[in-house]
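Protein sequences appear in the order of chains X and A. Heads up, the first sequence is in full-length UniProt numbering, so the first residue is 1 and it goes up one at a time. Heads up, the second sequence is in full-length UniProt numbering, so the first residue is 1 and it goes up one at a time. Below: the structure, in structure tokens.
Number of protein chains: 2
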Amino acid sequence: MTQAVRHDSMRARNLGVVLGEIRRNGPVTRAALAEITGLTKTTVSKMVGDLIEAGMVAESGALRDGERGRPGTAVVLSGRRVAALGLEINVDYLSACVVDLTLAVRLRYSQAVDNRAAPPVETLSHLAELAHRAVDEARREGLAIAGSTLAVPGLVDGGLVHTAPNLGWHHVRVSDLLDLPVEVDNEANLAALGELWFGSAPGDFLHVSGEIGIGAGLVVGGTLFRGARGLAGELGHVVVHPDGPACRCGGRGCLERYAGQEALLGACGLTGVPELLESLRAGEPGALEACERAGSALGIALTSAIHLMDPGTIVLGGVFAPLFPWIRDPVRQAMAARLTGMRHTVPDLTVSRLGSDAAPLGAAGQIIHRVLANPIATLTRRGENA
Amino acid sequence: MTQAVRHDSMRARNLGVVLGEIRRNGPVTRAALAEITGLTKTTVSKMVGDLIEAGMVAESGALRDGERGRPGTAVVLSGRRVAALGLEINVDYLSACVVDLTLAVRLRYSQAVDNRAAPPVETLSHLAELAHRAVDEARREGLAIAGSTLAVPGLVDGGLVHTAPNLGWHHVRVSDLLDLPVEVDNEANLAALGELWFGSAPGDFLHVSGEIGIGAGLVVGGTLFRGARGLAGELGHVVVHPDGPACRCGGRGCLERYAGQEALLGACGLTGVPELLESLRAGEPGALEACERAGSALGIALTSAIHLMDPGTIVLGGVFAPLFPWIRDPVRQAMAARLTGMRHTVPDLTVSRLGSDAAPLGAAGQIIHRVLANPIATLTRRGENA
Chain X
1 MTQAVRHDSM RARNLGVVLG EIRRNGPVTR AALAEITGLT KTTVSKMVGD LIEAGMVAES
61 GALRDGERGR PGTAVVLSGR RVAALGLEIN VDYLSACVVD LTLAVRLRYS QAVDNRAAPP
121 VETLSHLAEL AHRAVDEARR EGLAIAGSTL AVPGLVDGGL VHTAPNLGWH HVRVSDLLDL
181 PVEVDNEANL AALGELWFGS APGDFLHVSG EIGIGAGLVV GGTLFRGARG LAGELGHVVV
241 HPDGPACRCG GRGCLERYAG QEALLGACGL TGVPELLESL RAGEPGALEA CERAGSALGI
301 ALTSAIHLMD PGTIVLGGVF APLFPWIRDP VRQAMAARLT GMRHTVPDLT VSRLGSDAAP
361 LGAAGQIIHR VLANPIATLT RRGENA
Chain A
1 MTQAVRHDSM RARNLGVVLG EIRRNGPVTR AALAEITGLT KTTVSKMVGD LIEAGMVAES
61 GALRDGERGR PGTAVVLSGR RVAALGLEIN VDYLSACVVD LTLAVRLRYS QAVDNRAAPP
121 VETLSHLAEL AHRAVDEARR EGLAIAGSTL AVPGLVDGGL VHTAPNLGWH HVRVSDLLDL
181 PVEVDNEANL AALGELWFGS APGDFLHVSG EIGIGAGLVV GGTLFRGARG LAGELGHVVV
241 HPDGPACRCG GRGCLERYAG QEALLGACGL TGVPELLESL RAGEPGALEA CERAGSALGI
301 ALTSAIHLMD PGTIVLGGVF APLFPWIRDP VRQAMAARLT GMRHTVPDLT VSRLGSDAAP
361 LGAAGQIIHR VLANPIATLT RRGENA
């Protein structure tokens, strides 16, 4: 390592430390930052200057007489420039959102589309339109997109979607078909991260994404558990009944066949979630029974998940969020009947306030968290583009 | 923090670094250790001297002309003094083993006892006899026991066994009933660690402990996954059939009721694993069918576990190790039928070479790994006792 390279890598690390402290402690003066980080005031001032120029930090104008140094102009994290794009393709909708550096949600677009009927190239071209609309609107607000992540309900590896059975996708290389640079990740994983960063769940939970498919993301100690190859959390294919109906995955009696959106609607002869909610509010027995059965199956699959993964709490998201008042009791009953004999506590069952917004928010949040941890990459790219 | 305290904590950290490098690189000279660690030769020599005096390190006599410094007397990790005691209480046996600092297995005792018939205090008194016998024998060999861990087939929190349903234990405080200081941990977790440190599995696997109960331990990137409260891995209570036979845990149709040792023996009217193995070798249809059914149920539960936890490989241990030739195919078939449609690879299914020895070995190994990471505690305790 040459002296210059070593110096650059130290500067990169220190910039991340300074930005992290501004995020945690802001508004905070340069003098206080020097004291907290152990860096010289000159170094801190230079770095704060660079961060202000990059629009990541702003002077808050406030003076501070705090314990940590003399009064001075304080700085805070700024959301006025750097932002990230979160995207989602799900079976019956497309979403895009823009989140700024302070994790404030700046834009949110969602569009109902039946993506099962379309080839991947068509769905991706629809998505590109939505994404460009979001990026254009963000630019008009003075935001620069530092990166974007796409959430897909399937097994993902790099830019390749191995399989997304409910979309009918197999070996789709998204990076080749989309005209903007994106990372691709599993929808249920990103929804769990969305819940962690934008929701109200504590740092230990299993977030359940109920859509046409059912995925789950386990967060332990504030970190997403991904398994050996990043394929963990496929709750929808946990076996509820070994001789049950055949599933699109090739198995039988998977949870999805009992509690997935299609199974649920099919059981009461309805075609959409809004109609189902209406029927439930009207107390229609067919709809109530369908929720009872779906909740019971979900409780059985969650029992297996609790025995295997020991989550802190269970957060129901996706369409399970609006359905929560009707599925809560059957889920709880199925879990309690099977768990209380062995465990002295059954995990709490709560509802996500984000619903189906969790995945695109987590997708954008993942980019923002990376920028916060390593701001130099964004600073340098700005310099190159300038 | 006073200057003296800071100095002590630095010395503690550096001792761990030096011991770690001796373990990884030994035989290695003091000069090479100074170069690797960046510590002064005087500091390294003093620390190596302390470690030799504590019996943790020995001069290997070998001279080294390696790239890392001039020739000198090399040192290696030594197994002649420091050791750990691993203990296990399972439903039909008790075990004890002694492992030295080099992770060599020095003693291994096992005793068939039906612990269901006895109150916890009696079982623990039996265990204490076995443990004292092992400690006495270890002392005769010049070994000093640095600590001990007890493996129990149940849900454990500190020294308290919340419940071990197959032992009939509920809220048993082991620390109050055993006359030697032990840590208590879950049998399946310790068996997975035993497989990691003493077996042939790579760093990413799900180890299945087939005993009267069935537990599992997931290792990802060389680290045991414990869940939010340390209760993860209860594979035996994954639901195989929601309306199946009642289980001791309060649930229904748990894997244990199909593939636990009792269920397996009951299905072919035999009373012990040796008889079962004899019948299988003789090709008796009843025994073969019982294994087929058990393997099939195990494959269904593992399908759910793979979807949720995404393990690298599956290692079958405990009594599943000797039964492997007869359960391998039904397990593989059940997994392949359900997994291949969705995943491009199904995890490999392998067999543990350790069988039921994995848990006590992991129990002792856990103590040794702690001593290696923080040798100062063992050095200090020696000093206090002297």
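Ideal Cβ placement from N, Cα and C applies to all residues, glycine included.
Consult DSSP for residue i and reduce its assignment to one of helix, strand or coil.
i         : result
His237(A) : helix
Ala104(X) : coil
Thr163(X) : strand
Glu88(X)  : strand
Glu211(X) : coil
Ser175(X) : helix
Val18(A)  : helix
Glu35(A)  : helix
Cys268(A) : coil
Val113(X) : coil
Asp204(X) : coil
Glu141(X) : coil
Ser352(A) : coil
Gly168(A) : coil
Val99(X)  : strand
Val231(X) : The residue you asked about is not Val; residue 231(X) is Leu in the sequence shown. Leu231(X) falls in the coil class under three-state DSSP.
Gly61(A)  : strand
Gly69(A)  : Confidence at Gly69(A) is low in this model, with a pLDDT of 47, below 50, so its placement is unreliable and the value that follows should be read with caution. Gly69(A) falls in the coil class under three-state DSSP.
Gly312(A) : coil
Since residue i and residue j should fall inside the 8 Å C-beta cutoff, what is the C-beta to C-beta distance between them, to a whole number of angstroms?
i         : j         : result
Thr29(X)  : Gly86(X)  : Wrong, their Cβ atoms sit about 34 Å apart, outside the cutoff.
Ala232(A) : Asp310(X) : 4 Å
Thr303(X) : Gly230(A) : That belief does not hold up - the Cβ atoms of Thr303(X) and Gly230(A) are roughly 18 Å apart, past 8 Å.
Leu127(A) : Leu94(A)  : 5 Å
Asn189(A) : Gly217(A) : 5 Å
Gly286(A) : Met335(A) : About 25 Å separates the two Cβ atoms, so there is no contact after all.
Ala131(X) : Ala96(X)  : 6 Å
Ignore the nearest five residues each way along the sequence and tell me which others in residue i's own chain have a CB closer than 6 Å to its CB.
i         : result
Asp348(A) : Thr313
Pro330(X) : Glu292, Gly295, Ser296
Val238(A) : Leu255, Ala301, Ser304
Glu183(X) : Thr149
What does a CB cutoff of less than 7 Å around residue i pick up in its chain, not counting 5 residues either side in sequence?
i         : result
Ala164(A) : Val152, Pro153, Gly154
Thr123(X) : Ile89, Asn115
Gly69(X)  : With a pLDDT of 47 at Gly69(X), under the threshold of 50, the modelled position of that residue is not reliable, and the figure given next carries that caveat. Correct list, in chain order: Thr29, Ala31, Ala32, Glu35.
Counting along the chain, where does the beta strand (DSSP E) carrying residue i start and finish?
i         : result
Arg157(A) : One point to set straight first is that residue 157(A) is Asp, not Arg, in the sequence displayed. 155-157 is the span of the beta strand (DSSP E), which, as asked, contains Asp157(A).
Leu218(A) : 214-220
Ala246(A) : That residue, Ala246(A), is in no beta strand (DSSP E); it is neither H nor E in DSSP.
Ser148(X) : 144-152
Ala118(A) : Neither: Ala118(A) is in no beta strand (DSSP E) and is coded neither H nor E.
Ala74(A)  : 73-77
Leu255(X) : Counting along the chain, Leu255(X) falls outside any beta strand (DSSP E), and DSSP gives it neither H nor E.
Thr223(A) : 223-225
Start and end of the alpha helix (DSSP H) containing residue i?
i         : result
Thr42(A)  : 41-53
Glu284(A) : Premise fails: Glu284(A) is in no alpha helix (DSSP H) and is neither H nor E.
Gly194(X) : 187-198
Asp329(A) : 320-339
Val371(X) : 358-373
Suppose contacts are defined by Cβ-Cβ distances below 8 Å. Is residue i in contact with residue j by that definition?
i         : j         : result
Gly16(A)  : Pro375(A) : yes
Cys249(A) : Gly341(X) : yes
Asp185(A) : Thr149(A) : yes
Leu107(X) : Ala146(X) : no
Ile212(X) : Val91(X)  : yes
Gly199(X) : Gly365(X) : no
Gly266(X) : Ala321(X) : no
Ser209(A) : Gly317(A) : yes
Ala187(A) : Ala359(A) : Here residue 187(A) is Glu; the residue named in the question, Ala, does not match the sequence. Yes, they are a contact pair.
Phe205(X) : Val315(X) : yes
Val99(X)  : Leu323(X) : no
Val156(A) : Ala192(A) : no
Pro120(X) : Leu177(X) : yes
Ile214(X) : Gly260(X) : yes
Counting only the same chain and skipping the five closest in sequence on each side, list residues whose C-beta sits under 8 Å from that of residue i.
i         : result
Gly244(A) : Arg252, Gly253, Cys254, Arg257, Tyr258
Val113(X) : Asp92, Tyr93, Leu94, Thr123, His126
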